[in-house]
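For what it's worth, my numbering labels the leading residue of the sequence shown as 875, then goes sequentially.
Where a beta carbon is used, it is the ideal one built from N, C-alpha and C, also for glycine.
First up is the structure itself, then whatever we jot down about it.
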Amino acid sequence: MSYMTMAHPSRRTFVRQAGLAGLALSAGAIPAWALPDAWFAADDEVIPFTDVPADFSTKRGDTVVRFDLRELRSWVTPTEQFFGVQHYGVPKVDAAAWRLETGGLFGQTKTLTLDDLKKRPRVERTVFFECSGNRTQSVHGLLGNATWAGASLKDLLHDLKPLPEAREAIFWAADSGEETIRGNKYTMHFARSMSLDEAQRSEAIVAYEMNGQPLTAGHGAPVRLIVPGWYGVANVKWLTKIELSDTRFVNRFMGRDYVTVMGRQAGDQVEYTETWVGRQHVKSVIARVTRQAGRMKVFGAAWSDGTPLNAVDVRIDNGAWQPAKLEAQSNPFAWTFFTLDTNALPAGQHTLVSRATDRAGHTQPASLELKKTYWEDNAQFTRTIMVP
(Lines of atoms letter the chains of each structure in order from A and count residues from 1; the text may use other names and numbers.)
(Lines give C-alpha, C1' and ligand atoms only; values in the text may rest on other atoms or scores of the structure.)
Protein backbone atom coordinates (compact mmCIF):
# COMPACT_ATOMS: atom_id res chain seq x y z
CA MET A 1 0.00 0.00 0.00
CA SER A 2 1.26 3.44 -0.82
CA TYR A 3 1.11 6.29 1.65
CA MET A 4 1.10 9.98 1.14
CA THR A 5 3.14 12.73 2.63
CA MET A 6 2.13 16.36 2.81
CA ALA A 7 3.84 19.67 2.57
CA HIS A 8 4.47 21.37 5.89
CA PRO A 9 2.03 24.28 5.93
CA SER A 10 1.84 26.92 8.59
CA ARG A 11 -1.38 27.51 10.44
CA ARG A 12 -2.17 30.42 8.08
CA THR A 13 -2.46 28.05 5.14
CA PHE A 14 -3.67 24.98 7.01
CA VAL A 15 -6.36 26.22 9.38
CA ARG A 16 -9.46 27.59 7.70
CA GLN A 17 -12.33 28.98 9.68
CA ALA A 18 -14.74 26.33 10.93
CA GLY A 19 -17.85 28.26 10.00
CA LEU A 20 -19.24 27.96 13.50
CA ALA A 21 -21.48 30.96 13.02
CA GLY A 22 -23.23 29.05 10.29
CA LEU A 23 -24.19 26.38 12.76
CA ALA A 24 -26.67 28.80 14.32
CA LEU A 25 -25.54 27.85 17.81
CA SER A 26 -25.56 30.21 20.72
CA ALA A 27 -22.21 31.71 21.64
CA GLY A 28 -22.30 30.01 24.99
CA ALA A 29 -22.71 26.56 23.45
CA ILE A 30 -19.07 26.32 22.36
CA PRO A 31 -16.26 26.74 24.89
CA ALA A 32 -13.62 29.35 24.11
CA TRP A 33 -10.89 26.72 24.05
CA ALA A 34 -12.73 24.90 21.26
CA LEU A 35 -12.21 27.67 18.74
CA PRO A 36 -9.41 27.20 16.18
CA ASP A 37 -7.28 30.13 17.34
CA ALA A 38 -7.03 28.56 20.79
CA TRP A 39 -5.47 25.40 19.37
CA PHE A 40 -2.64 26.70 17.18
CA ALA A 41 -0.20 29.57 17.21
CA ALA A 42 -0.01 31.60 14.01
CA ASP A 43 3.25 30.08 12.84
CA ASP A 44 2.77 26.48 13.98
CA GLU A 45 4.13 23.96 11.48
CA VAL A 46 1.96 20.92 10.88
CA ILE A 47 3.94 17.66 10.97
CA PRO A 48 2.46 15.23 8.41
CA PHE A 49 1.17 11.78 9.23
CA THR A 50 2.56 8.94 7.13
CA ASP A 51 -0.11 6.41 8.10
CA VAL A 52 -2.89 7.80 5.90
CA PRO A 53 -3.34 5.85 2.65
CA ALA A 54 -2.64 7.84 -0.50
CA ASP A 55 -6.13 7.01 -1.77
CA PHE A 56 -7.87 8.08 1.45
CA SER A 57 -11.17 9.79 0.69
CA THR A 58 -13.96 11.09 2.86
CA LYS A 59 -16.39 9.19 0.62
CA ARG A 60 -16.48 5.48 -0.12
CA GLY A 61 -18.98 4.91 -2.90
CA ASP A 62 -22.36 6.47 -2.18
CA THR A 63 -23.01 5.01 1.25
CA VAL A 64 -20.25 6.09 3.64
CA VAL A 65 -18.86 9.49 4.53
CA ARG A 66 -15.72 9.58 6.66
CA PHE A 67 -14.37 12.51 8.60
CA ASP A 68 -10.72 13.38 7.95
CA LEU A 69 -9.23 13.80 11.43
CA ARG A 70 -6.54 16.06 9.97
CA GLU A 71 -9.34 18.54 9.29
CA LEU A 72 -10.45 18.64 12.93
CA ARG A 73 -10.77 22.32 13.73
CA SER A 74 -14.00 22.77 15.66
CA TRP A 75 -15.60 21.18 18.70
CA VAL A 76 -18.88 20.81 16.81
CA THR A 77 -18.49 18.77 13.63
CA PRO A 78 -20.00 20.59 10.63
CA THR A 79 -22.97 18.68 9.25
CA GLU A 80 -21.33 18.11 5.88
CA GLN A 81 -18.30 16.51 7.59
CA PHE A 82 -20.22 14.32 10.04
CA PHE A 83 -19.88 10.65 9.09
CA GLY A 84 -22.76 8.79 7.54
CA VAL A 85 -23.53 5.10 7.08
CA GLN A 86 -26.64 3.75 5.37
CA HIS A 87 -27.57 0.07 5.24
CA TYR A 88 -30.35 0.25 2.65
CA GLY A 89 -29.61 3.60 1.03
CA VAL A 90 -31.21 6.96 1.80
CA PRO A 91 -35.02 6.77 1.66
CA LYS A 92 -37.14 9.64 0.39
CA VAL A 93 -39.34 10.80 3.26
CA ASP A 94 -41.78 13.69 2.86
CA ALA A 95 -41.64 15.71 6.08
CA ALA A 96 -45.21 16.93 5.62
CA ALA A 97 -46.51 13.39 5.26
CA TRP A 98 -44.21 11.85 7.88
CA ARG A 99 -45.81 10.20 10.88
CA LEU A 100 -44.36 8.61 14.01
CA GLU A 101 -46.42 5.57 14.92
CA THR A 102 -46.43 4.03 18.39
CA GLY A 103 -47.52 0.48 19.09
CA GLY A 104 -47.20 -2.61 21.21
CA LEU A 105 -47.31 -2.53 25.00
CA PHE A 106 -48.30 1.09 25.57
CA GLY A 107 -51.26 2.01 27.73
CA GLN A 108 -52.23 4.40 24.98
CA THR A 109 -50.89 4.98 21.49
CA LYS A 110 -50.60 8.06 19.33
CA THR A 111 -49.63 8.96 15.81
CA LEU A 112 -47.45 12.07 15.85
CA THR A 113 -46.75 14.53 13.06
CA LEU A 114 -43.59 16.59 12.87
CA ASP A 115 -45.56 19.59 14.13
CA ASP A 116 -46.79 17.52 17.09
CA LEU A 117 -43.22 16.66 17.95
CA LYS A 118 -42.11 20.29 17.71
CA LYS A 119 -44.87 21.36 20.11
CA ARG A 120 -43.31 19.26 22.85
CA PRO A 121 -40.63 20.88 25.06
CA ARG A 122 -37.47 21.38 23.02
CA VAL A 123 -34.34 19.56 24.21
CA GLU A 124 -30.89 20.36 22.82
CA ARG A 125 -27.80 18.23 23.41
CA THR A 126 -24.31 18.13 21.95
CA VAL A 127 -23.57 14.44 21.48
CA PHE A 128 -20.60 12.53 20.10
CA PHE A 129 -20.89 9.09 18.59
CA GLU A 130 -18.83 6.85 16.36
CA CYS A 131 -19.73 3.98 14.09
CA SER A 132 -19.15 0.68 15.87
CA GLY A 133 -17.06 -0.27 12.82
CA ASN A 134 -14.77 2.74 13.27
CA ARG A 135 -11.20 1.46 13.20
CA THR A 136 -7.72 1.87 11.73
CA GLN A 137 -8.90 0.81 8.28
CA SER A 138 -11.10 3.93 8.13
CA VAL A 139 -8.38 6.03 9.84
CA HIS A 140 -10.93 6.32 12.65
CA GLY A 141 -12.97 8.77 10.60
CA LEU A 142 -16.43 7.30 11.23
CA LEU A 143 -17.30 9.75 13.98
CA GLY A 144 -18.67 13.17 14.77
CA ASN A 145 -19.78 15.55 17.52
CA ALA A 146 -22.93 17.54 16.73
CA THR A 147 -25.65 19.52 18.46
CA TRP A 148 -29.03 17.84 18.17
CA ALA A 149 -32.47 19.21 19.06
CA GLY A 150 -35.81 17.50 19.47
CA ALA A 151 -38.18 16.07 22.06
CA SER A 152 -37.27 14.01 25.12
CA LEU A 153 -37.74 10.29 24.47
CA LYS A 154 -38.19 9.67 28.18
CA ASP A 155 -41.07 12.14 28.40
CA LEU A 156 -42.69 10.81 25.23
CA LEU A 157 -42.60 7.24 26.54
CA HIS A 158 -43.95 8.38 29.91
CA ASP A 159 -46.91 10.11 28.26
CA LEU A 160 -47.77 6.92 26.36
CA LYS A 161 -47.84 4.91 29.62
CA PRO A 162 -45.82 1.72 29.03
CA LEU A 163 -47.57 -1.36 30.39
CA PRO A 164 -45.91 -3.19 33.33
CA GLU A 165 -44.91 -6.15 31.17
CA ALA A 166 -43.05 -3.97 28.61
CA ARG A 167 -39.33 -4.78 28.56
CA GLU A 168 -37.99 -3.82 25.13
CA ALA A 169 -38.23 -0.66 23.00
CA ILE A 170 -37.95 -1.18 19.23
CA PHE A 171 -37.20 1.70 16.88
CA TRP A 172 -38.27 1.20 13.26
CA ALA A 173 -36.96 3.20 10.31
CA ALA A 174 -38.19 4.09 6.82
CA ASP A 175 -35.26 2.49 4.97
CA SER A 176 -35.73 -1.10 3.87
CA GLY A 177 -34.04 -3.84 1.88
CA GLU A 178 -34.22 -7.47 0.92
CA GLU A 179 -32.89 -10.06 3.36
CA THR A 180 -32.42 -13.77 2.78
CA ILE A 181 -33.14 -16.06 5.74
CA ARG A 182 -32.89 -19.84 5.30
CA GLY A 183 -33.28 -19.49 1.57
CA ASN A 184 -36.33 -17.25 1.73
CA LYS A 185 -36.27 -13.58 0.74
CA TYR A 186 -38.06 -10.89 2.72
CA THR A 187 -38.31 -7.11 2.49
CA MET A 188 -37.42 -5.75 5.90
CA HIS A 189 -37.12 -2.31 7.44
CA PHE A 190 -34.08 -1.29 9.44
CA ALA A 191 -34.72 -1.48 13.18
CA ARG A 192 -32.77 -1.51 16.41
CA SER A 193 -33.86 -2.09 19.98
CA MET A 194 -32.77 -1.57 23.56
CA SER A 195 -34.24 -2.30 26.95
CA LEU A 196 -37.07 -0.04 28.02
CA ASP A 197 -34.95 1.04 30.99
CA GLU A 198 -32.22 2.27 28.63
CA ALA A 199 -34.75 3.97 26.36
CA GLN A 200 -36.15 5.87 29.33
CA ARG A 201 -32.81 7.43 30.17
CA SER A 202 -33.30 11.19 30.32
CA GLU A 203 -30.56 11.92 27.75
CA ALA A 204 -32.20 10.28 24.70
CA ILE A 205 -34.09 12.51 22.26
CA VAL A 206 -36.25 12.16 19.18
CA ALA A 207 -34.36 14.70 17.08
CA TYR A 208 -35.45 16.88 14.16
CA GLU A 209 -32.50 19.32 14.07
CA MET A 210 -28.75 18.99 13.68
CA ASN A 211 -26.43 21.93 14.30
CA GLY A 212 -29.31 24.39 14.36
CA GLN A 213 -30.88 23.29 11.07
CA PRO A 214 -33.48 20.69 10.07
CA LEU A 215 -31.97 17.25 9.62
CA THR A 216 -30.61 16.55 6.15
CA ALA A 217 -31.73 13.47 4.25
CA GLY A 218 -28.40 11.74 4.80
CA HIS A 219 -28.58 12.28 8.54
CA GLY A 220 -32.09 10.93 9.01
CA ALA A 221 -34.59 13.61 7.99
CA PRO A 222 -37.13 14.39 9.10
CA VAL A 223 -36.68 12.64 12.48
CA ARG A 224 -34.09 10.33 14.02
CA LEU A 225 -33.22 8.88 17.39
CA ILE A 226 -30.25 10.19 19.39
CA VAL A 227 -29.08 8.03 22.29
CA PRO A 228 -26.03 9.64 23.95
CA GLY A 229 -23.25 7.24 24.85
CA TRP A 230 -24.24 4.57 22.31
CA TYR A 231 -22.59 3.57 19.06
CA GLY A 232 -23.98 5.12 15.89
CA VAL A 233 -26.13 2.16 14.85
CA ALA A 234 -28.40 2.74 17.86
CA ASN A 235 -29.11 6.30 16.73
CA VAL A 236 -31.78 5.20 14.26
CA LYS A 237 -32.26 7.49 11.25
CA TRP A 238 -35.58 8.07 9.40
CA LEU A 239 -37.52 7.01 12.49
CA THR A 240 -41.12 5.94 11.76
CA LYS A 241 -42.30 3.81 14.68
CA ILE A 242 -41.64 3.09 18.37
CA GLU A 243 -42.89 -0.26 19.60
CA LEU A 244 -42.78 -1.85 23.06
CA SER A 245 -42.45 -5.60 23.56
CA ASP A 246 -42.15 -8.05 26.43
CA THR A 247 -39.43 -10.09 24.66
CA ARG A 248 -36.04 -9.42 23.09
CA PHE A 249 -36.12 -8.20 19.50
CA VAL A 250 -33.86 -9.99 16.99
CA ASN A 251 -33.22 -9.05 13.37
CA ARG A 252 -30.17 -8.75 11.14
CA PHE A 253 -28.95 -5.66 12.97
CA MET A 254 -29.44 -7.10 16.45
CA GLY A 255 -28.65 -10.79 16.03
CA ARG A 256 -26.41 -11.26 12.97
CA ASP A 257 -24.69 -7.99 12.10
CA TYR A 258 -23.45 -5.69 14.86
CA VAL A 259 -22.55 -8.66 17.03
CA THR A 260 -19.11 -8.71 18.68
CA VAL A 261 -17.34 -12.06 18.98
CA MET A 262 -14.80 -11.88 21.80
CA GLY A 263 -12.59 -14.61 23.21
CA ARG A 264 -11.60 -15.00 26.83
CA GLN A 265 -8.94 -17.27 28.27
CA ALA A 266 -10.31 -20.12 30.39
CA GLY A 267 -7.35 -22.21 31.52
CA ASP A 268 -5.71 -23.54 28.37
CA GLN A 269 -8.88 -22.96 26.33
CA VAL A 270 -10.34 -19.87 24.69
CA GLU A 271 -14.08 -19.37 25.18
CA TYR A 272 -15.92 -17.16 22.71
CA THR A 273 -18.95 -15.06 23.53
CA GLU A 274 -21.24 -13.00 21.32
CA THR A 275 -22.66 -9.66 22.45
CA TRP A 276 -24.68 -7.12 20.53
CA VAL A 277 -23.25 -3.66 19.94
CA GLY A 278 -24.52 -1.14 22.47
CA ARG A 279 -22.71 1.46 24.55
CA GLN A 280 -19.42 3.00 23.44
CA HIS A 281 -16.08 1.98 24.92
CA VAL A 282 -13.52 4.50 26.14
CA LYS A 283 -11.27 5.60 23.29
CA SER A 284 -8.91 8.32 22.04
CA VAL A 285 -7.20 9.30 18.79
CA ILE A 286 -4.36 11.66 17.92
CA ALA A 287 -5.52 14.08 15.24
CA ARG A 288 -2.65 16.51 14.66
CA VAL A 289 0.96 17.21 15.56
CA THR A 290 2.52 20.67 15.25
CA ARG A 291 5.95 22.18 15.86
CA GLN A 292 7.09 25.64 16.87
CA ALA A 293 10.33 27.04 18.28
CA GLY A 294 11.81 23.77 19.47
CA ARG A 295 8.55 22.51 20.96
CA MET A 296 5.97 20.07 19.66
CA LYS A 297 2.26 19.79 20.41
CA VAL A 298 0.19 16.63 20.09
CA PHE A 299 -3.53 17.24 19.74
CA GLY A 300 -6.40 14.74 19.82
CA ALA A 301 -9.85 13.79 21.05
CA ALA A 302 -11.20 11.23 23.53
CA TRP A 303 -14.66 9.93 24.41
CA SER A 304 -16.62 7.27 26.29
CA ASP A 305 -20.18 6.14 26.95
CA GLY A 306 -20.77 9.18 29.11
CA THR A 307 -18.56 8.07 31.98
CA PRO A 308 -16.33 11.10 32.65
CA LEU A 309 -12.75 10.75 31.48
CA ASN A 310 -10.05 10.52 34.11
CA ALA A 311 -6.92 10.81 31.96
CA VAL A 312 -5.36 10.60 28.53
CA ASP A 313 -1.71 9.61 28.22
CA VAL A 314 0.55 9.81 25.18
CA ARG A 315 3.55 7.65 24.34
CA ILE A 316 6.19 8.69 21.81
CA ASP A 317 8.50 6.10 20.20
CA ASN A 318 7.67 3.45 22.82
CA GLY A 319 8.93 5.71 25.58
CA ALA A 320 7.28 6.42 28.91
CA TRP A 321 3.61 7.39 28.99
CA GLN A 322 3.18 11.15 29.45
CA PRO A 323 -0.01 12.71 30.85
CA ALA A 324 -1.83 14.93 28.37
CA LYS A 325 -3.86 17.98 29.32
CA LEU A 326 -7.59 17.30 29.19
CA GLU A 327 -9.82 20.23 28.32
CA ALA A 328 -12.83 20.99 30.51
CA GLN A 329 -15.49 18.25 30.51
CA SER A 330 -18.78 20.06 30.95
CA ASN A 331 -20.58 17.51 28.77
CA PRO A 332 -19.69 13.83 29.29
CA PHE A 333 -21.53 12.79 26.11
CA ALA A 334 -19.45 15.03 23.85
CA TRP A 335 -15.86 14.35 22.91
CA THR A 336 -13.06 15.93 24.93
CA PHE A 337 -9.91 17.41 23.41
CA PHE A 338 -6.45 16.78 24.82
CA THR A 339 -2.99 18.22 24.19
CA LEU A 340 0.55 17.26 25.04
CA ASP A 341 3.39 19.79 24.87
CA THR A 342 6.81 18.21 24.54
CA ASN A 343 10.29 18.80 23.15
CA ALA A 344 10.52 18.74 19.37
CA LEU A 345 11.55 15.39 17.93
CA PRO A 346 14.62 14.89 15.71
CA ALA A 347 14.21 14.49 11.96
CA GLY A 348 12.89 11.14 10.80
CA GLN A 349 9.90 8.88 11.37
CA HIS A 350 8.33 8.61 14.81
CA THR A 351 5.36 6.86 16.40
CA LEU A 352 2.78 8.33 18.75
CA VAL A 353 -0.09 6.63 20.53
CA SER A 354 -2.69 7.75 23.06
CA ARG A 355 -4.72 5.88 25.65
CA ALA A 356 -7.79 7.11 27.52
CA THR A 357 -9.02 6.06 30.96
CA ASP A 358 -12.43 6.87 32.40
CA ARG A 359 -13.37 7.39 36.04
CA ALA A 360 -14.78 3.87 36.27
CA GLY A 361 -11.27 2.54 35.64
CA HIS A 362 -11.79 1.41 32.05
CA THR A 363 -8.59 1.92 30.03
CA GLN A 364 -8.21 1.86 26.27
CA PRO A 365 -6.44 -1.46 25.56
CA ALA A 366 -3.18 -1.77 23.63
CA SER A 367 -4.74 -4.47 21.45
CA LEU A 368 -7.76 -6.76 21.20
CA GLU A 369 -6.15 -9.97 20.03
CA LEU A 370 -9.04 -12.23 21.03
CA LYS A 371 -11.73 -10.13 19.34
CA LYS A 372 -12.77 -11.80 16.08
CA THR A 373 -15.09 -9.16 14.65
CA TYR A 374 -14.22 -5.56 13.86
CA TRP A 375 -17.11 -4.01 15.77
CA GLU A 376 -16.36 -1.93 18.90
CA ASP A 377 -12.64 -1.57 18.20
CA ASN A 378 -11.28 0.74 20.89
CA ALA A 379 -7.69 -0.49 20.74
CA GLN A 380 -4.97 2.15 20.88
CA PHE A 381 -4.37 3.77 17.48
CA THR A 382 -0.65 4.22 16.77
CA ARG A 383 0.12 7.18 14.50
CA THR A 384 3.31 7.66 12.50
CA ILE A 385 4.76 11.03 11.54
CA MET A 386 7.71 12.20 9.46
CA VAL A 387 9.61 15.07 11.03
CA PRO A 388 11.53 17.07 8.40
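**Item:** Status (buried if at least 16 other CB within 10 Å, exposed otherwise) for Ala1025
**Value:** Numbered from 1 along the sequence shown, position 151 holds the residue referred to as residue 1025. Counting Cβ neighbours within 10 Å, Ala1025 comes out buried, since at least 16 surround it.
**Prompt:** Can Val1186 and Leu1226 be called in contact, C-beta distance under 8 Å?
**Reply:** Numbered from its first residue, the sequence shown carries residue 1186 at position 312. Numbered from its first residue, the sequence shown carries residue 1226 at position 352. No, these two residues do not count as a Cβ contact at 8 Å.
**Message:** Looking at the strands, I want to know which residues DSSP matches up with Ser1026.
**Reply:** Taking the first residue of the sequence shown as 1, we reach residue 1026 at position 152. DSSP lists Ile1079 as partners of Ser1026.
**Request:** Counting only runs of 3+ residues fully inside the stretch 992–1023, write out the beta strand (DSSP E) ranges in chain order.
**Result:** 996–1004
**Request:** Less than 8 Å between the CB atoms is what I'm expecting for Gly1018 and Thr951, so what's the real figure, rounded?
**Result:** Here residue 1018 corresponds to residue number 144 of the sequence shown, with the count starting at 1. Here residue 951 corresponds to residue number 77 of the sequence shown, with the count starting at 1. About 4 Å; that satisfies the 8 Å criterion.
**Message:** Quick check on DSSP: helix, strand or coil for Phe1127?
**Reply:** Indexing the sequence shown from 1 puts residue 1127 at position 253. DSSP places Phe1127 in helix when its eight states are reduced to three.
**Pairwise C-alpha distance: Arg940 and Gly1015** = In the sequence shown, residue 1015 corresponds to position 141, counting from 1. In the sequence shown, residue 940 corresponds to position 66, counting from 1. Cα-Cα distance, rounded: 5 Å.
**Request:** Could you have a look at Ala1091 and say whether DSSP puts it in helix, strand or coil?
**Result:** Counted from its first residue, the sequence shown places residue 1091 at position 217. The answer is helix: DSSP assigns Ala1091 an H, G or I state.
**Asked** Is the CB-CB distance between Glu1134 and Val1151 below 8 Å?
**Response** Looking up residue 1134 in the sequence shown gives position 260. Looking up residue 1151 in the sequence shown gives position 277. A small correction: the amino acid at residue 1134 is Thr; Glu does not occupy that position in the sequence shown. Taking 8 Å as the Cβ cut-off, Thr1134 and Val1151 qualify as a contacting pair.
**Request:** Could you tell me whether the Cβ atoms of Gln1154 and Trp1104 are closer together than 8 Å?
**Result:** Taking the sequence shown and counting its residues from 1, one reaches residue 1154 at position 280. Taking the sequence shown and counting its residues from 1, one reaches residue 1104 at position 230. It is a contact, given that the beta carbons lie within the stated cut-off.
**Prompt:** Which stretch, first to last residue, makes up the beta strand (DSSP E) that contains Ala1175?
**Reply:** For the purposes of this step, residue 1175 is taken as residue 301 along the sequence shown, with counting starting at 1. Note, Ala1175: beta strand (DSSP E), Arg1169 to Trp1177.
**Best match in Asp1179, Val959 and Thr987 for proximity to Ala971 [C-alpha to C-alpha]** = By 1-based counting over the sequence shown, the position of residue 971 is 97. Ranking the options by Cα distance to Ala971, first place goes to Thr987.
**7 Å CB neighbourhood of Ala1047 in its chain, flanking five on each side removed** = As a first step, residue 1047 must be located in the sequence shown, where it is residue number 173. Cβ neighbours of Ala1047 beyond the five flanking positions: His1063, Phe1064, Ala1065, Val1110, Lys1111, Trp1112, Leu1113 and Thr1114.
**Range covered by the alpha helix (DSSP H) that runs through Ala1073** = Numbered from its first residue, the sequence shown carries residue 1073 at position 199. From DSSP, the alpha helix (DSSP H) with Ala1073 extends over Leu1070 to Ala1073.
**Buried or exposed by the 16-neighbour rule on C-beta atoms within 10 Å, applied to Glu1145** = Within the sequence shown, residue 1145 is the residue found at index 271, counting from 1. It is exposed - the Cβ of Glu1145 has fewer than 16 other Cβ atoms within 10 Å.
**Proximity below 8 Å, CB of Thr1228 to CB of Gly1174** = Residue numbering aside, residue 1228 sits at position 354 when the sequence shown is read from its first letter. Residue numbering aside, residue 1174 sits at position 300 when the sequence shown is read from its first letter. Per the sequence shown, the amino acid found at residue 1228 is Ser instead of Thr. Yes, the Cβ-Cβ distance between Ser1228 and Gly1174 is below 8 Å.
**Prompt:** Going straight from the alpha carbon of Gln1203 to that of Leu943, what length do you get?
**Reply:** Your numbering for residue 1203 matches position 329 in the sequence shown. Your numbering for residue 943 matches position 69 in the sequence shown. Each residue's Cα considered, the two are about 21 Å apart.
**Item:** C-beta atoms of Thr1216 and Met1170 nearer than 8 Å
**Value:** Along the sequence shown, read from residue 1 onward, the residue named residue 1216 stands at position 342. Along the sequence shown, read from residue 1 onward, the residue named residue 1170 stands at position 296. Cβ distance < 8 Å, so Thr1216 and Met1170 count as in contact.
**Asked** Using 8 Å as the Cβ pair cut-off and three pairs as the minimum, do the stretch 977–994 and the stretch 1028–1047 touch?
**Response** yes
**Request:** Within its chain, find whatever has a CB closer than 8 Å to the CB of Thr932; leave out the 5 residues flanking it on each side and keep chain order.
**Result:** In the sequence shown, residue 932 corresponds to position 58, counting from 1. Its chain contains Val939, Arg940, Phe941, Asp942, Gln955 and Gly1015 as the residues whose beta carbon lies nearer than 8 Å to that of Thr932, once the 5 sequence neighbours on both sides are disregarded; these appear in chain order.
**Request:** Going by DSSP, name the residue or residues bridged to Pro1038.
**Result:** In the sequence shown, counting from the first residue as 1, residue 1038 sits at position 164. Answer by DSSP bridge pairing: none, since Pro1038 is not bridged.
**Prompt:** For Glu1042 versus Phe1127, is the C-beta spacing smaller than 8 Å?
**Reply:** In the sequence shown, counting from the first residue as 1, residue 1042 sits at position 168. In the sequence shown, counting from the first residue as 1, residue 1127 sits at position 253. In this structure, Phe1127 does not lie closer than 8 Å to Glu1042 by Cβ.
**Request:** Give the secondary structure of Leu1244 by DSSP, where H, G and I count as helix, E and B as strand, and everything else as coil.
**Result:** Numbered from its first residue, the sequence shown carries residue 1244 at position 370. In the structure shown, Leu1244 sits in coil (DSSP, three-state: anything other than H, G, I, E or B).
**Message:** Given a cut-off of 8 Å on the beta-carbon distance, is the pair His1224 and Val1172 in contact?
**Reply:** Position 350 of the sequence shown, counted from the first residue, corresponds to residue 1224. Position 298 of the sequence shown, counted from the first residue, corresponds to residue 1172. Taking 8 Å as the Cβ cut-off, His1224 and Val1172 do not qualify as a contacting pair.
**Item:** Whole-angstrom distance between Pro1197 and Gly1044, CA atom to CA atom
**Value:** Along the sequence shown, read from residue 1 onward, the residue named residue 1044 stands at position 170. Along the sequence shown, read from residue 1 onward, the residue named residue 1197 stands at position 323. The identity of residue 1044 in the sequence shown is Ile, whereas the question assumes Gly. Their Cα atoms are separated by approximately 42 Å.
**Message:** Residues in the same chain with beta-carbon distance under 7 Å from Thr1010, minus the five sequence neighbours each way, listed in chain order, please.
**Reply:** On the sequence shown, position 136 is the one that residue 1010 refers to. Same-chain partners within the cutoff: Phe1255.
**Asked** Which whole-angstrom value describes the C-beta separation of Ala1078 and Val967, a residue pair presumed to lie in contact below a C-beta threshold of 8 Å?
**Response** Against the sequence shown, residue 1078 aligns to sequence position 204. Against the sequence shown, residue 967 aligns to sequence position 93. Ala1078 to Val967, Cβ: 21 Å. No contact.
**Item:** Reduced DSSP secondary structure (H/G/I, E/B, other) of Val1107
**Value:** As a first step, residue 1107 is located in the sequence shown; it is residue number 233 there, counting from the start. Note: Val1107 maps to helix in three-state DSSP.
**Item:** Leu1031 in three-state terms, based on DSSP
**Value:** Residue numbering aside, residue 1031 sits at position 157 when the sequence shown is read from its first letter. Three-state DSSP puts Leu1031 in a helix.
**Asked** Nearest to Ala1234 by alpha carbon, out of Asn1184, Trp1209 and Ala1240?
**Response** Sequence index remark: in the sequence shown, residue 1234 carries index 360 (1-based). Taking only the C-alpha atoms, the option nearest Ala1234 is Asn1184.
**Asked** So, is Gly896 buried or exposed, given that buried needs 16 or more other C-beta atoms within 10 angstroms?
**Response** As a working mapping, residue 896 is identified with position 22 in the sequence shown. Reliability fails at Gly896, whose pLDDT of 36 lies under 50, so the model's placement of it is uncertain and no value is given.
**Message:** My output table needs one value for Glu820: the three-state DSSP class, helix, strand or coil.
**Reply:** Absent from the model: residue 820. The displayed extent of the chain is 875 to 1262, so no value can be given.
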